[in-house]
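In full-length UniProt numbering, the protein residues as written are 1 to 231. Please read the structure below before turning to the comments.
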Amino acid sequence: MIAMQTATASASMQFELPLALIEKLRKSGSLIITVLAHLGLIYALQNGLIRHVQQALPKEIFVSLVTSPDKPAAPKPAPKIIPMTKQAVTPPAPVIPIVNNAPAENAIVITQAVEPKVAHTQEAAAPIVQALPAPPAQPKTISGIEYIQPPKLEYPAISRRMGEAGKVTLRVLVNEKGRAEKVEIEKTSGFQRLDEAARQALLRALFKPYIEDGKALTFWTSGIFTFDLNS
Numbered sequence: 001m002i003a004m005q006t007a008t009a010s011a012s013m014q015f016e017l018p019l020a021l022i023e024k025l026r027k028s029g030s031l032i033i034t035v036l037a038h039l040g041l042i043y044a045l046q047n048g049l050i051r052h053v054q055q056a057l058p059k060e061i062f063v064s065l066v067t068s069p070d071k072p073a074a075p076k077p078a079p080k081i082i083p084m085t086k087q088a089v090t091p092p093a094p095v096i097p098i099v100n101n102a103p104a105e106n107a108i109v110i111t112q113a114v115e116p117k118v119a120h121t122q123e124a125a126a127p128i129v130q131a132l133p134a135p136p137a138q139p140k141t142i143s144g145i146e147y148i149q150p151p152k153l154e155y156p157a158i159s160r161r162m163g164e165a166g167k168v169t170l171r172v173l174v175n176e177k178g179r180a181e182k183v184e185i186e187k188t189s190g191f192q193r194l195d196e197a198a199r200q201a202l203l204r205a206l207f208k209p210y211i212e213d214g215k216a217l218t219f220w221t222s223g224i225f226t227f228d229l230n231s
């Protein structure tokens, strides 16, 4: 019994070994096939495909630069059209036939004397010069005048207190009515108050008009006024 089991076990072991080996060989074969397939692919790529790629690529590469087309030149301005003006055509002068009007042998020719025309030239009129009015006569300077109302000289009180005294010479313009129109100081007394007092007295005075050829005239005259503290 034990021998049968041993034989059976050895037989089974002999049967199992080839199966395991076959399984290992099958796996190893598939691995080898895979490796060989990869090696063949690599070989094909290195020898065949790369050579075809190298043959497909051109040996020289020509590069040409494409430039942008030139811009079209601006069109030239069209020439200005100058309108033609029609010139007026003057018709030719008519041809007048020449008629030979020869006088007859017995024709009587009457000639009339023509009086020469005398050109009447007007003499240039002399320019009319208008006489300018004579300038008014300047007032005369006279002396020995007469008063209708003599000047009343008033001594300024402040001048008395301050001891101001002196003589004033005045020149006065008297109009046709005998009134003093203008009084000028010819010689001062040295004190303005005294000069002004004499001037005001002369302006209030009334002179006798100066008559010449029956006409009252304006005249100049002079007068001296004295301011004395003792008077």
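All residues carry an ideal CB built from backbone N, CA and C; glycine is no exception. These numbers were taken from a predicted model, which means no experiment stands behind them.
Alpha carbons only, please: which of the options is nearest the one belonging to residue i?
i           : options                           : result
Ile145      : Glu154, Leu206, Ala201 and Lys215 : Leu206
Lys152      : Ala37, Phe225 and Gly166          : Phe225
Pro136      : Gly166, Leu170, Leu217 and Tyr155 : Leu217
residue 236 : Thr169, Asn175, Glu212 and Asn230 : An answer regarding residue 236 cannot be provided, because it is not within the stretch 1 to 231 covered by the chain.
Asn230      : Glu164, Tyr43, Pro150 and Ile128  : Glu164
Asn154      : Ser143, Ala131, Arg193 and Lys187 : Asn is not the amino acid found at residue 154; the sequence shown has Glu there. Measuring from the Cα of Glu154, the nearest candidate turns out to be Arg193.
residue 290 : Val172, Arg160, Phe219 and Pro150 : As shown, the chain starts at 1 and ends at 231. That puts residue 290 outside it, with no answer to give.
Glu176      : Ile42, Ala131, Phe219 and Leu132  : Phe219
Gly178      : Ala197, Pro156 and Gln149         : Gln149
Rounded to a whole number of angstroms, what is the C-alpha to C-alpha distance between residue i and residue j?
i      : j      : result
Gln138 : Met162 : 42 Å
Arg204 : Ala180 : 8 Å
Gly40  : Ser30  : 15 Å
Lys187 : Ser222 : 11 Å
Asp195 : Lys140 : 25 Å
Ala190 : Lys167 : The sequence shown places Gly at residue 190, rather than the Ala named in the question. Answer to the nearest angstrom: the Cα atoms are 9 Å apart.
Lys215 : Lys208 : 13 Å
Tyr210 : Phe227 : 29 Å
Ala131 : Ser159 : 57 Å
Leu202 : Glu212 : 24 Å
Ala134 : Lys182 : 24 Å
Glu16  : Leu45  : Only weak support is given to the placement of Glu16: the predicted model assigns it a pLDDT of 49, under 50, and the question is left unresolved by the model.
### Query
Considering only residues of the UniProt domain "TonB C-terminal" (140-231), which uninterrupted alpha helix (DSSP H) runs meet the minimum length of 4 residues and lie entirely inside it, listed in chain order?
157-161 and 192-203
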